[in-house]
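Heads up: the sequence shown begins at 5 in the numbering used here, then just goes up one per residue. Think of the CB as a built atom: it goes at the ideal place given N, C-alpha and C, for glycine as much as any other residue. Predicted model, so just to flag it, every value in this text is computed and none were measured.
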Amino acid sequence: MNMESCEDSGVIKTIRCIVCPTGCEIEVKETPEGDVTFEGYTCKRGLEYAKQEFYEPKRVLTTTIRVENGFLPLVPVRVDKAIPKEKLNDALEEIAKTVVKAPIKMGDILIENVVGQEANIIASRDMKAIE
Ligand code: SF4
């Protein structure tokens, strides 16, 4: 039985590629010389995904924002571009401090350039104002 640990084999992270349904498992390894290598991807898109996920993981944030004068008290929102994972909490804090006014149209920009990441928070649905 092979009892080699991740450390011994040089694997520093395993990333499941989510670009297509094949779901290749990509191993990120460090060579004894200190170089980082990627193994297990079967196409260029997978390599690009693994590099992005390893060096600067990004996520699409979805949540809600409070609405004043709206048919409902909250409107679902999302970022129009993935933002760095480490900025998600800062973005959520900025969103929590925000109250927007109805009426709102799906796609309206509710917060521009959220946490300085050149991404906007946009409405995921229409929200009528109460009469
Ligand atoms: S590496 Fe290529 S084939 Fe494999 S899951 Fe990613 S995109 Fe699909």
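(request) Count the C-beta pairs between the segment 65-85 and the segment 116-131 that are closer than 8 Å, then say yes if the count reaches three, no if not. (result) yes
(message) So, for residue 91: in the same chain, excluding its five sequence neighbours on each side, which residues have a beta-carbon less than 8 Å away from its beta-carbon?
(response) 119 and 121
(message) Let me confirm a value: residue 24 is counted as buried when at least 16 other C-beta atoms fall within 10 Å, else exposed. Which label applies?
(response) exposed
(request) Would you mind working out which of 54, 98, 48 and 87 sits nearest residue 65, comparing C-alpha positions? (result) 87
(request) With a threshold of 16 other CB atoms inside 10 Å of the CB of residue 113, please say whether the residue is buried or exposed. (result) exposed
(request) Could you pull out every unbroken beta strand (DSSP E) segment of at least 3 residues lying fully inside the segment 70-122, listed in chain order? (result) 78-83, 103-105 and 113-115
(request) Compare the C-alpha of residue 97 against each of 115, 105 and 84 and name the closest. (result) 115
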